[in-house]
Structures are given as structure tokens and as C-alpha cells.
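Visitor: Sequential numbering from 1 applies to the sequence shown in full-length UniProt numbering.
Note that the Cβ used here is the ideal one computed from N, Cα and C, for glycine as well.
Only a predicted model underlies this, so the values are computations on that prediction, with no experimental measurement involved.
Take this structure, written in C-alpha cells, and hold onto it; I'll ask about it next.
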Amino acid sequence: MPTTVKGVISRAKGEPVELVDIVIPDPGPGEAVVDVQACGVCHTDYHYQQGGINDEFPFLLGHEAAGRVSAVGEGVTEVAVGDFVILNWRAVCGECRACRRGRPWYCFATHNAKQRMTLTDGTELTPALGIGAFAEKTLVAAGQCTRVDERAGAEAAGLLGCGVMAGLGAAINTGGVGRGDSVAVIGLGGVGMAAVVGSHLAGAAKIIGIDLDPRKREKGRSMGATHTIDPADGDVVEAVRALTDGNGADVVIDAVGRPETYEQAFYARDLAGTVVLVGVPTPEMRIELPLLDVFGRGGSLKSSWYGDCLPSRDFPMLIDLYLQGRLDLDAFVSETIGLGDVEEAFATMKRGDVLRSVVTL
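Below, the structure written as C-alpha cells:
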């Protein structure tokens with residue numbers, strides 16, 4: 001039987017979110033229902049509310065989540081009832097040309113649940129990133145569930161579902177940061193901070209955190225940055241070069257996603273260095289670079305999709321590192337809140353007061 005639960009929706013562009021009753025259908029073939037235990041408040045949810053993703057209102061917000069599987073549909077083999085899982089928004093298909101070439105982290109045909117959750121009047125909801133986890137339960141494709149060690153708390157584990165994985169993966173998977181490398185990270189929000197942590201995990205010798213906010217620079221140092229730069233103090237490129245023997249960093253990660261920060265990243269890297277764009281730009285943004293500089297500096301210009309992660313591979317590994325005390329996911333959790341506190345959490349996030357507010361249920 002369909003279940004009625006509480007969930008947080010965005011009904012129209014720019015309007016405050018609402019806590020309402022939503023209907024969760026029984027899972028169909030290849031689907032699963034998950035009892036949500038915790039869900040991080042991500043900038044992407046705010047972008048949905050502001051109409052920055054698309055206009056398919058009303059949205060069921062929330063996507064950075066962990067919980068326990070409570071029902072599965074026909075043919076589901078990935079998970080079983082009772083499994084503790086992290087939800088992901090890129091369930092790989094296993095059949096597209098990227099998957100067939102052995103690169104499933106680039107899957108070009110990721111999928112979500114086929115059925116829609118609804119309001120009690122039957123209005124279909126669009127789940128944020130195909131998840132919709134600011135709710136007591138949510139319906140997803142079974143491939144969006146990754147089973148992990150249940151000793152990990154849901155508040156910390158759920159963050160791997162989006163922002164922390166995006167930043168860690170941008171450093172380790174996309175950027176290929178290795179032992180002894182120098183890394184510069186532009187923007188020390190949740191994703192940028194995770195890139196700092198990922199660079200530290202990978203053994204980088206020098207990690208430079210760049211942000212206007214002194215609180216974020218201080219937090220960056222506590223999470224692995226060896227140096228920090230305040231862009232208000234002068235030329236960021238020259239500051240990075242001054243910290244890298246005049247050469248620039250081996251890897252520069254743009255966790256902001258603006259033309260000016262990308263240009264800084266491009267010129268702050270060493271010759272044959274790597275630029276990774278993980279901050280999400282808006283559709284109207286444009287960048288202009290001298291083509292001779294693109295050729296002459298060599299190296300790689302990369303974009304990082306979800307940290308180029310493969311959830312089935314990366315989530316359990318990172319949870320193991322967390323349980324070993326080698327990855328401090330708890331440091332990303334600034335506060336825990338209830339389902340009714342999401343609107344205030346957006347305001348807190350915009351002020352830069354938190355790395356992550358986490359809804360707990």
C-alpha cells in the first residue's frame with residue numbers, strides 16, 4: 001500500500017519551502033523505498049528552490065542522504081530490506097558506451113525511479129537529483145542505493161552522497177593528486193573543503209586553500225591545508241606561484257565555478273599541470289582564454305562529474321576510512337536540524353556559517 005509521510009517541497013520559484021504530506025508508492029520493478037535517517041542541506045537544493053536547475057515544480061528537495069531500505073520491488077538484487085545505504089544520484093546503467101568501455105563513472109544513461117512520488121491530491125513531485133530525501137521515506141532506483149557498514153552514523157555517511165564525494169573525487173579521481181604533489185583549491189565551501197581533505201588523503205605535500213572568508217580559511221587549515229590565501233590581499237595567481245617556487249600548483253581545483261575563478265585556476269597551475277572544474281557554473285557564464293596559452297601550457301583541463309565516483313566502489317571504501325579514523329566525515333557536520341528547519345538552513349548556508357546542516361529523522 002502507498003505510504004503517506006512528511007516531506008519538504010518547493011512549490012514555486014523563490015517561495016519558502018513547505019513541510020507537507022507526500023505519498024510514497026510501493027516500489028515497482030528495480031525500485032526501492034528507503035527510510036531516510038539523515039540528509040545534508042546542499043546548495044543544489046537551494047538552486048532547485050530558486051529555479052536554477054529547471055522549472056519542473058513542485059520539487060521534493062534533499063538528496064545527500066543515508067538510511068535503511070524498507071521495501072524493494074521485483075527483480076532487485078543490489079540491496080535487500082534492512083540494508084543501511086547511502087543514496088546516490090548517478091545510478092549507472094551498465095549498458096551505455098561508457099559502461100561498456102569499462103568507465104562506468106562516466107555513465108551517460110544514469111537512471112532514477114520510474115514512478116513519481118506525489119502530493120496527497122495526486123500532484124506529481126520532481127525529486128531533487130532523482131532522490132528527494134527531505135522526507136521520512138523516499139522512492140529511488142535500487143541502483144541509487146549503495147550498501148555500507150551500518151556502524152557509520154547516517155549524519156556523516158549521507159554526506160558522501162553528494163558534496164563530500166564531489167570534492168574528494170575531484171582531487172583523487174579527476175585530478176589524480178598523488179604523493180608529494182602541490183594542490184590549490186579555490187573556494188572552501190563543503191565541496192572545496194572535501195577537495196582539501198582528499199588531497200591530504202592522497203599524500204599531497206602542499207595544499208593551498210583559497211577563500212575570502214577567514215572562518216573558512218581557518219577551517220581549511222584544520223582539515224589539511226598547509227597554506228591559505230585571501231583573494232582580497234592581491235593577485236591569487238601570483239600568491240599560488242609564490243608558494244610553489246614560482247611554478248604554480250600541480251593540480252588546481254576550482255570549487256566555485258565562475259569565469260574569474262576558472263581563469264585563476266588556469267594560470268595558477270604549473271606547466272603540464274591539471275585544472276579541475278567541480279564548482280557548477282550557470283548557463284550564461286562564458287570564459288575566454290588565449291588559445292596559444294591553452295596549447296603552450298600543456299597539461300589537462302578537466303571537469304569533474306560527481307567526483308568521477310563509482311558509488312559501489314568509492315562509498316564503502318570511504319566509509320571504511322572513516323571507521324578507521326583516517327577520514328573525518330564528522331568535521332563536515334556543522335549542525336543537525338529537523339525537517340521543519342530547512343528554510344532557515346538555507347539562510348545559514350548563504351551566510352557561510354556552516355559547512356553542512358544535516359536534517360536528522
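1) I'd like to confirm the pairing. Which residues does DSSP put opposite Phe59 in its beta bridges?
2) In the DSSP assignment, the alpha helix (DSSP H) including Leu292 goes from what residue to what residue?
3) Using 7 angstroms as the threshold, is the C-beta distance between His63 and Leu129 below it?
4) Taking all protein chains shown into account, do 16 or more other C-beta atoms lie within 10 angstroms of the C-beta of Arg294, making it buried, or fewer, making it exposed?
5) If you compare alpha carbons, which of Phe59, Gly14 and Leu355 is closest to Ala194?
6) Tell whether a beta-carbon distance below 7 angstroms holds between Thr118 and Asp21.
7) Considering only their Cβ atoms, is the gap separating Gly209 from Val196 smaller than 7 angstroms?
8) What three-state label does DSSP hand Arg356 in the structure shown?
9) Which of the three DSSP states is assigned to Cys96 in this structure?
10) Determine, using beta-carbon pairs with one atom in the segment 124 to 139 and one in the segment 275 to 283, whether at least three such pairs fall under 8 angstroms.
11) So who's on the other strand from Lys216, going by DSSP bridges?
12) List the endpoints of the continuous beta strand (DSSP E) containing Lys137.
13) Using only alpha-carbon positions, find the residue among Glu344, Thr226 and Ala225 that is nearest to Glu18.
14) Using only the alpha-carbon positions, how far apart do Phe315 and Ile172 sit?
15) Three or more C-beta pairs closer than 8 angstroms, one from the segment 140 to 147 and one from the segment 79 to 87: is that the case here?
16) Does Leu318 pass the burial test, meaning 16 or more other C-beta atoms within 10 Å, or should it be called exposed?
17) Can you check which of these residues, Ile186, Asp254, Arg326 and Asp341, is closest to Gly203 by C-alpha distance?
18) Ignoring anything shorter than 3 residues, give me the beta strand (DSSP E) runs that lie fully in the segment 173 to 197, in order along the chain.
19) Can Ala113 and Ala141 be called in contact, C-beta distance under 7 angstroms?
20) Between which two residues does the beta strand (DSSP E) harbouring Pro144 extend?
21) Which class does Ile53 belong to by DSSP, given the choice of helix, strand or coil?
22) Three or more C-beta pairs closer than 8 angstroms, one from the segment 241 to 252 and one from the segment 149 to 169: is that the case here?
23) To the nearest angstrom, report how far apart Val237 and Ser182 are at their CA atoms.
24) For Thr261, does the three-state DSSP call read helix, strand or coil?
25) Spatial neighbours of Tyr267 within its chain, please: C-beta separation below 6 angstroms, excluding the five flanking residues on both sides.
26) Between Leu61, Gly40, Gln37 and Asp35, which lies nearest to His47 when the distance is taken from Cα to Cα?
27) Inspect the beta-carbon positions of Ala91 and Thr77 and report whether they are closer than 7 angstroms.
28) If we call anything under 7 angstroms between Cβ atoms a contact, is Ala133 one with Ala71?
29) Count the other CB atoms, across all protein chains shown, that sit within 10 Å of the CB of Arg241; report buried if there are 16 or more and exposed otherwise.
30) Since Lys13 contacts Phe57 with CB under 8 angstroms, what's their CB separation in whole angstroms?
31) Contact check, Met285 vs Val41 under 8 angstroms by CB: the rounded distance?
32) Between which residues of its own chain and Gln264 is the CB-CB distance below 7 angstroms, once the five residues before and five after are set aside?
33) In chain order, what residues of the same chain have a beta carbon less than 7 angstroms from the beta carbon of Ser334, not counting five sequence neighbours either side?
34) Starting from Ser312 and walking both ways along the alpha helix (DSSP H), at which residues does that stretch end?
35) According to DSSP, is Val333 helix, strand or coil?
36) Using the Cβ count rule (16 or more neighbours within 10 Å means buried), how would you classify Asp55?
Guide: Let me spell this out:
1) Ser10 and Thr126
2) Leu291 to Arg297
3) yes
4) Sequence check: residue 294 is Val here, not Arg. Under this definition Val294 is an exposed residue.
5) Leu355
6) no
7) yes
8) coil
9) coil
10) no
11) Answer is none; Lys216 lacks a bridge partner.
12) Lys137 to Ala141
13) Glu344
14) 14 angstroms
15) yes
16) buried
17) Arg326
18) 182 to 186
19) yes
20) First, the residue type needs correcting, since residue 144 is Gln and not Pro in the sequence shown. First-last for Gln144: undefined, no H or E at that position.
21) coil
22) no
23) 14 angstroms
24) helix
25) Val237
26) Leu61
27) no
28) no
29) buried
30) 7 angstroms
31) About 24 angstroms; that fails the 8 angstroms criterion.
32) Ile186, Val236 and Val237
33) Val354, Leu355, Arg356 and Ser357
34) Pro311 to Leu323
35) coil
36) exposed
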